[in-house]
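Student:
Residue numbers (the UniProt record's numbering): 1 to 420.
Quick look at the structure:
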């Protein structure tokens, strides 16, 4: 298949816009099945509504619509095989009758959903997320920095089966090919099927190595080329991958001074509709927590509801792991990581890409107090793990902003605290 080379990511302030797909994605993992419609159609700020009314999107270059295709992927009865079922279309999500028909009659315990908006590239189902191989499913919000300058070398480094397996023209699919190649070089066959999958540790290591390889490819571009061609080397890498059992998500940018694209999560015991005081086709959902455990975890580029206390902002340059409805968030420690909780990152870059990185935070904690268990580089509670500031056990927890308020912060012990 032919692969379209997008133009370089010249999106420094004052230079020409980059060809970068700024999308929205959603992950659901639950102990029980849920109708797709309760996630992608019904909520007041569902991913369907985000596709034409993105509250966090500032890009006006092609209007306010994520109209370049969408996709949903979900896992069915294991008797039917370990591979996910995918439905993709280039029709705008809000105008697809088949999506409404399928979503109202399909339920799953693990769901990926993605709406795509790009300023360049072809409109093709081959370019619609999620992508899959065997039991693995992948999607991406963002873009690889300096893509024109690293695409050939990225492809040359892949084994033939992964190189030839790329059907579309997106950097996102090439990143998935790199992930599959990385997984295989780690000694794990991406085509294999296992009753328990690859395990969260293996998937997390492969994801971190994939990001490291992308950074190495960009770092190897000659400095004079970067300067002469005004190459933007910053990558926005909000990835999501699953093997049908564990889920790994990242919120990442290859910069120490910029914010990454937005990412939130919510966990609880029940995702349910709230009574509405006014007649409306949109339904108000909320995440209920009736005990200290979690039966449901949602990860989304934007909150699906306007219940502020339901959502926690994933820190920039973090990796989120979901295993058996337990959420663990760890910092990605590389040259772009800063240990200071007061380190400032600018949202100007993601705004030029059509996103705003931060919302206001809730004055209430996102979850109630829970018993803490020290666990290496993270501070673990039932249902959520937040990174420690210096990566060692016993250190004060890093403050993590909740959505919708830069003036407040959330601590791992379940209490909110004022930001200095």
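Built from N, CA and C at the ideal position, the CB exists for glycine as well. This structure is a prediction, so every number in the text was calculated from the model and none was measured.
Looking only at DSSP bridge pairs, what is residue 73 linked to?
Tutor: DSSP output for residue 73 lists 86 and 112 as bridge partner(s).
Student: To the nearest angstrom, how far is it from the Cα of residue 209 to the Cα of residue 274?
Tutor: So the two alpha carbons sit approximately 42 Å from each other.
Student: Do residue 31 and residue 39 come within 8 Å of each other at the CB atom, strictly closer than that value?
Tutor: Going by C-beta atoms, residue 39 is not nearer than 8 Å to residue 31.
Student: Of all Cβ atoms in chain C, is any one closer than 8 Å to the Cβ of residue 300?
Tutor: Absence of chain C from the displayed structure is noted, only one protein chain being present.
Student: I'd like to confirm the pairing. Which residues does DSSP put opposite residue 271 in its beta bridges?
Tutor: Looking at the DSSP assignment, residue 271 forms a beta bridge with 287.
Student: Run through the DSSP bridge pairs and tell me what residue 145 is partnered with.
Tutor: Note: residue 145 sits in no beta bridge, so no partner.
Student: Pick helix, strand or coil for residue 223, following the three-state DSSP scheme.
Tutor: Note: residue 223 maps to helix in three-state DSSP.
Student: Report all residues from its chain with a CB closer than 8 Å to the CB of residue 158; omit the five preceding and five following residues, and keep chain order.
Tutor: Around residue 158: 177, 178 and 181.
Student: In terms of residues, what are the limits of the alpha helix (DSSP H) holding residue 173?
Tutor: Segment 171-185, the alpha helix (DSSP H) holding residue 173.
Student: Going by DSSP in three states, residue 301 sits in which element: helix, strand or coil?
Tutor: Coil.
Student: How big is the Cα-Cα spacing for residue 259 and residue 346?
Tutor: Approximately 6 Å between the Cα atoms of the pair.
Student: Counting beta carbon pairs with one atom in the stretch 242-256 and one in the stretch 195-211, are three or more of them shorter than 8 Å?
Tutor: Contact between the stretch 195-211 and the stretch 242-256 is present, because at least three Cβ pairs lie under 8 Å.
Student: In chain order, what residues of the same chain have a beta carbon less than 7 Å from the beta carbon of residue 43, not counting five sequence neighbours either side?
Tutor: Here the set comprises 283, 285, 304 and 305.
Student: Specify the secondary structure class of residue 306 as computed by DSSP and reduced to three states.
Tutor: It is coil, neither helix nor strand.
Student: Since residue 196 is in the beta strand (DSSP E), which residue starts that stretch and which ends it?
Tutor: Where residue 196 is concerned, there is no enclosing beta strand (DSSP E), given that its DSSP letter is neither H nor E.
Student: Count the other CB atoms, across all protein chains shown, that sit within 10 Å of the CB of residue 238; report buried if there are 16 or more and exposed otherwise.
Tutor: When all chains shown are included, residue 238 counts as buried.
Student: Helix, strand or coil for residue 349 per DSSP?
Tutor: Residue state, collapsed to three classes: helix.
Student: With a threshold of 16 other CB atoms inside 10 Å of the CB of residue 342, please say whether the residue is buried or exposed.
Tutor: Counting Cβ neighbours within 10 Å, residue 342 comes out exposed, since fewer than 16 surround it.
Student: Could you tell me which residues DSSP pairs with residue 258 in its beta bridges?
Tutor: In the DSSP output, where bridge partners are listed per residue, residue 258 has 346.
Student: Classify residue 141: buried if its beta carbon has 16 or more other beta carbons within 10 angstroms, exposed otherwise.
Tutor: Classification for residue 141: buried.
Student: Measure the C-alpha to C-alpha separation of residue 211 and residue 326 and round it to an integer number of angstroms.
Tutor: Rounded to the nearest angstrom, the two C-alpha atoms are 24 Å apart.
Student: Closest by CA to residue 235, which one among 98, 227 and 213?
Tutor: Cα-wise, what sits closest to residue 235 is 213.
Student: Are the Cβ atoms of residue 254 and residue 336 separated by less than 8 Å?
Tutor: Yes, the Cβ-Cβ distance between residue 254 and residue 336 is below 8 Å.
Student: Give the single residue among 207, 106 and 168 whose Cα lies nearest to the Cα of residue 185.
Tutor: The option with the nearest alpha carbon to residue 185 is 207.
Student: Is the beta carbon of residue 100 less than 8 Å from the beta carbon of residue 114?
Tutor: The answer is no: Cβ separation not under 8 Å.
Student: Buried or exposed for residue 201, going by 16 or more other Cβ atoms inside 10 Å?
Tutor: Flag for residue 201 reads exposed.
Student: Distance, Cα to Cα, residue 242 vs residue 133?
Tutor: The straight-line gap from Cα to Cα measures roughly 11 Å.
Student: Do residue 175 and residue 144 count as a contact pair if the criterion is CB distance below 8 Å?
Tutor: Yes, these two residues count as a Cβ contact at 8 Å.
Student: Round the Cβ separation of residue 112 and residue 72 to the nearest angstrom and send it over; I've been treating them as touching at under 8 Å.
Tutor: Correct: roughly 7 Å between the Cβ atoms.
Student: From this set, 173, 321 and 147, which residue's C-alpha is nearest residue 264's C-alpha?
Tutor: For residue 264, the nearest C-alpha among the options comes from 321.
Student: With DSSP collapsed to three states, give me the class of residue 230.
Tutor: In the structure shown, residue 230 sits in coil (DSSP, three-state: anything other than H, G, I, E or B).
Student: Exposed or buried, what is residue 223 when buried is set at 16 or more other beta-carbons lying within 10 Å of its beta-carbon?
Tutor: So residue 223 counts as exposed.
Student: On the DSSP bridge assignment, give the partners of residue 247 in chain order.
Tutor: Answer is 242 and 322.
Student: Rounded to a whole number of angstroms, what is the C-alpha to C-alpha distance between residue 319 and residue 328?
Tutor: Computed Cα separation, rounded: 8 Å.
Student: For residue 338, which three-state DSSP category applies?
Tutor: Of the three classes helix, strand and coil, the one that applies to residue 338 here is coil, per DSSP.
Student: Take the Cβ of residue 34 as the centre, count every other Cβ of all protein chains shown within 10 Å, and call the residue buried at 16 or more, exposed below.
Tutor: Answer is buried; the Cβ neighbour count reaches 16.
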